[in-house]
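Peer 1:
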Amino acid sequence: MPELPEVETTRRGIEPHCVDRRIEAVVVRQPALRWPVPGDLAAQLHGQRVEAVERRAKYLLLQLGDGTLMIHLGMSGSLRVVEPGLAPMTHDHIDIELEGGICLRFNDPRRFGSFHYLLPGAPTPLLDHLGPEPLSEAFDGAYLYRRSRGRRGAVKNFIMDGKVVVGVGNIYASEALFLSGIRPGRAAGRISAARYDALANNVKRVLTSAIEQGGTTLRDFVGGDGKPGYFAQKLLVYGRAGEPCRRCGATLREVRLGQRSSVYCIECQR
DNA sequence: CGCTGACCCTGACGGC
DNA sequence: TGCCGTCAGGGTCAGC
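Taken in order, the first sequence gives residues 0 to 269; the numbers are from numbering that gives the first Met the number 0.
Okay, here's the thing in structure tokens:
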């Protein structure tokens with residue numbers, strides 16, 4: 000579920016409830032996530048104070064006194080603040096109980112999410128090869144143009160590659176390509192610098208707009224405050240195959256690229 | 001290095 | 001009503 004805007008929405012939702020609070024208890028009901036949750040997670044976190052809630056790519060990073068709790072929401076995960084003592088529902092896998100009666104609850108039906116605890120200096124193979132943040136200055140059209148030279152794969156797969164740029168998933172890749180008038184299946188290495196300028200700008204625009212709307216809720220996404228996002232109402236192509244293009248009226252078409260569905264307008268996107 | 005497909009898991013939905 | 005195939009916002013990994 001979550002792409003960068005949903006993770007950022009979660010970060011902003013939980014941050015004010017977490018910072019400066021001490022972790023009093025951690026309950027792991029289901030340790031079989033994308034990677035096994037360390038058996039000593041509760042002992043490692045106990046008593047530590049949350050100093051900051053940060054984000055890198057789609058990872059949430061809770062900076063603690065001694066180390067970092069790294070959380071990924073996977074495809075169907077959510078992290079929200081609930082009343083302490085609230086009975087856990089199906090797929091409520093982990094609780095982090097903070098002083099002051101705050102309970103951070105992790106729910107993830109598909110269990111593609113993950114929890115890692117990192118001590119300073121520990122290897123971080125999951126973070127080491129990530130590309131730049133899409134909302135940073137390092138990410139622009141010139142960067143995309145340079146990285147794409149010689150690549151024959153589809154441009155949509157290219158911008159969804161975390162080694163190229165992080166945080167751009169299937170929804171926002173589809174939307175940004177539509178806004179840029181680029182067909183998702185076009186070879187990445189055969190797109191001009193000018194068109195990559197447009198694409199980089201549209202990636203930034205669509206992500207920024209989605210963050211302002213609290214993310215995209217398709218079925219089940221809720222932010223840290225338990226509320227859904229409202230960007231779904233603004234989607235132009237994602238999930239709209241067979242429906243009319245909002246710009247020209249042509250019937251939107253769907254293709255599969257890299258095992259993911261990709262919707263585009265044959266008139267507006269070349 | 002770049003690209004493809006398998007795989008991890010549960011749930012929703014459509015067709016029969 | 002139930003069974004079966006397909007698909008879903010994520011990402012890693014093996015193999016070529």
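Cβ atoms here follow ideal geometry from the backbone N, Cα and C, with glycine treated the same way.
Go through the stretch 196 to 252 residue by residue and report every complete run of the alpha helix (DSSP H) that reaches 4 residues or more, in order.
Peer 2: Runs of the alpha helix (DSSP H) inside the stretch 196 to 252: none found.
Peer 1: Look at Q258 and K233 and say whether their C-beta atoms are less than 8 Å apart.
Peer 2: Going by C-beta atoms, Q258 is not nearer than 8 Å to K233.
Peer 1: Do E7 and I210 have their beta-carbon atoms positioned less than 8 Å apart in this structure?
Peer 2: A contact, by the Cβ cut-off of 8 Å.
Peer 1: Taking the beta carbon of R10 as the centre, do at least 16 other beta carbons fall within 10 Å, making it buried, or is it exposed?
Peer 2: Its Cβ being crowded by 16 or more others within 10 Å, R10 is buried.
Peer 1: Where DSSP assigns a beta bridge to V49, which residues make up the other side?
Peer 2: L63.
Peer 1: Just to check my reading of the structure: V270 and A24 have Cβ atoms closer than 8 Å, yes? What is that Cβ distance to the nearest angstrom?
Peer 2: The first residue shown for the chain is 0 and the last is 269, placing residue 270 beyond what the model contains.
Peer 1: Look up R33 in the DSSP assignment and say whether it is helix, strand or coil.
Peer 2: DSSP places R33 in coil when its eight states are reduced to three.
Peer 1: Which word fits S173, buried or exposed, when buried means at least 16 other C-beta atoms lie within 10 angstroms of its C-beta?
Peer 2: It counts as buried.
Peer 1: Starting from D96, follow its DSSP beta bridges and name the residues at the other end.
Peer 2: Note that residue 96 is Glu in the sequence shown here, rather than Asp. The partner list for E96 (beta bridge, DSSP) reads A24, C102.
Peer 1: Could you check the C-alpha separation between D139 and A192 for me, to the nearest Å?
Peer 2: Looking at the two C-alpha atoms, the distance is approximately 10 Å.
Peer 1: Compute the distance between the beta-carbons of P133 and V81, then report whether it is under 8 Å.
Peer 2: Going by C-beta atoms, P133 is not nearer than 8 Å to V81.
Peer 1: Can you name the start and end residues of the beta strand (DSSP E) that H128 belongs to?
Peer 2: Neither: H128 is in no beta strand (DSSP E) and is coded neither H nor E.
Peer 1: Which residues bound the beta strand (DSSP E) around S261?
Peer 2: Note, S261: beta strand (DSSP E), 259 to 263.
Peer 1: Expressed to the nearest angstrom, what Euclidean distance is found between the alpha-carbon atoms of R20 and D94?
Peer 2: Each residue's alpha carbon lies about 15 Å from the other.
Peer 1: Tell me the DSSP secondary structure of L256 in three-state form.
Peer 2: In this structure, L256 counts as strand in the three-state DSSP scheme.
Peer 1: Considering only their Cβ atoms, is the gap separating L78 from L68 smaller than 8 Å?
Peer 2: Against a cut-off of 8 Å, the Cβ pair of L78 and L68 comes out as no contact.
Peer 1: Determine contact between the stretch 144 to 157 and the stretch 182 to 196, defined as no fewer than three beta-carbon pairs at a distance below 8 Å.
Peer 2: Output reads yes: the stretch 182 to 196 touches the stretch 144 to 157.
Peer 1: Let me know the secondary structure DSSP gives A121 once reduced to three states.
Peer 2: Three-state DSSP puts A121 in coil, outside helix and strand.
Peer 1: For V236 and L178, I'd like the C-alpha separation in whole angstroms.
Peer 2: Going by the C-alpha atoms only, they are around 10 Å apart.
Peer 1: Where does L3 sit, in a helix, a strand or coil, going by DSSP?
Peer 2: Residue state, collapsed to three classes: helix.
Peer 1: Do N106 and H90 have their C-beta atoms within less than 8 Å of each other?
Peer 2: Contact flag set, yes.
Peer 1: For S147, count neighbouring C-beta atoms within 10 Å of its own C-beta (all shown protein chains included) and say buried if the count is 16 or more, exposed if not.
Peer 2: Answer is buried; the Cβ neighbour count reaches 16.
Peer 1: To the nearest angstrom, how far is it from the Cα of A141 to the Cα of A199?
Peer 2: Between A141 and A199, the C-alpha separation is close to 9 Å.
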